[in-house]
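S.K.:
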Ligand code: DAH
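In structure tokens form, the structure reads like this:
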């Protein structure tokens, strides 16, 4: 009896002093397990008289019950403590300054393309991007630039094989769209084009926006009106323009358009003209019924003029100090 009281004191102490769940589990096994101390006591009772057995088993069971209760209570206490500690560790200090998230900005070339699109949308044009990997037919032949045509020499083409190439001009889209759509139509085709060229005024990849109108009775003066108004809109002022007669195999008559720069020099910014009847024939459009005009514009050029950028290559060097200067409203 006295021994059991002492044992209870020991057990209570042990439980009290355990500071983690593992220690508590060990205590549980030690006292309450199959080969634990309480079972040992019960086994020993077999040598006692019936009366003693009855008396001691009640006491043993009471201490056992108390032990179970005490262990469970301690377990709850320890769990609470663990959770509290974790909450403390994971606590967020809302008074700390937030992390700075850097905002990117739109590349000046994309910004220009967006301005161009907006202008042409107001005139009822649709915009289509088109593929950059093209075949010889759509990039050259159908545009009246057959093999051995001198106009090909200007293009310095990147070929994949005998037939496939990186398009050298967005004019390929004229063919594709006129084949897949019925006139009347008004389209612009912004996108990347590729030529094997690299210096301060040429990069192997650059951007063009092609324009195409196929309608009854469309003529060169419509084309002129559109180009004048587009350029005034893009530069936000009335700049001086010059239409200079030129030659492109897919337009006749053809013209290049020069702009007067701040340093009082003419600079070529686009090519344009009335789509050649042979090209219309290639896409099964009757040139007696419909006429078509087109233009092709270099996006880098006009962007450089708009922002006073002197080296074309700076667009593509990914120098953040350059890109970050462009803040748009
Ligand atoms: N594709 C020509 C080039 O890359 C530009 C051009 C000229 C496009 C006249 C046209 C055009 O649509 O009519 O140099």
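Numbering (the working numbering), first residue to last: 2 to 330.
For glycine and all other residues, C-beta sits at the position ideal for the given N, C-alpha and C.
1) For the beta strand (DSSP E) that residue 248 lies in, which residues bound it at each end?
2) Flag residue 143 as yes when its Cβ comes closer than 8 Å to any non-hydrogen atom of the ligand DAH, and as no otherwise.
3) Give the straight-line distance between the Cα atoms of residue 226 and residue 219, rounded to the nearest whole angstrom.
4) Taking 8 Å as the cut-off, does the stretch 89-96 touch the stretch 157-173 (at least 3 CB pairs, one atom from each stretch)?
5) Can you determine whether any heavy atom of the ligand DAH sits closer than 8 Å to the C-beta of residue 194, and answer yes or no?
6) Identify which residue in 276, 73 and 236 has its Cα closest to the Cα of residue 251.
7) Which residue wins for smallest C-alpha separation from residue 178, given the options 150, 168, 207 and 139?
8) What residues are listed by DSSP as bridge partners for residue 175?
9) Quick check on the burial criterion: 16 or more other C-beta atoms within 10 angstroms. Buried or exposed for residue 173?
10) Entirely within the stretch 282-313 and at least 3 residues each: give me those beta strand (DSSP E) ranges in chain order.
11) With a threshold of 8 Å (Cβ to nearest heavy atom), would residue 96 be considered close to the ligand DAH?
12) Can you find the residues in the same chain that come closer than 6 Å, C-beta to C-beta, to residue 192, ignoring five residues on each side of it along the sequence?
13) Tell me whether residue 309 counts as near the ligand DAH, meaning its Cβ is closer than 8 Å to at least one heavy atom of that ligand.
14) Can you give me the C-alpha to C-alpha distance between residue 247 and residue 101, rounded to a whole angstrom?
15) From 141, 324, 215 and 167, pick the residue whose C-alpha is nearest to that of residue 133; which is it?
16) Quick one: is residue 235 near chain D, going by C-beta distance under 9 Å?
17) Mark residue 290 as exposed unless 16 or more other C-beta atoms lie within 10 angstroms of its C-beta, in which case mark it buried.
18) To the nearest angstrom, report how far apart residue 29 and residue 43 are at their CA atoms.
19) Have a look at 263, 180, 297 and 5 and flag the residue whose alpha-carbon is nearest the alpha-carbon of residue 56.
20) Please determine if the stretch 110-127 and the stretch 257-272 are in contact, where contact requires at least 3 C-beta pairs separated by less than 8 Å.
21) I need the DSSP call for residue 127, collapsed to helix, strand or coil.
22) Considering only heavy atoms of the ligand DAH, does any lie closer than 8 Å to the CB of residue 127?
23) What residue from 53, 22 and 211 has the CA that sits closest to residue 74's CA?
24) Following a CB-centred definition, is residue 301 positioned closer than 8 Å to any heavy atom of the ligand DAH?
25) Please report the distance separating the alpha-carbon of residue 235 from that of residue 90.
M.R.: Based on what the coordinates show:
1) 242-249
2) no
3) 12 Å
4) no
5) yes
6) 276
7) 139
8) According to DSSP, which records beta bridges pairwise, residue 175 is partnered with nothing at all.
9) buried
10) 292-299
11) no
12) 130, 131 and 171
13) no
14) 54 Å
15) 167
16) Here chain D cannot be found, since the structure has a single protein chain.
17) exposed
18) 17 Å
19) 5
20) no
21) strand
22) no
23) 22
24) no
25) 57 Å
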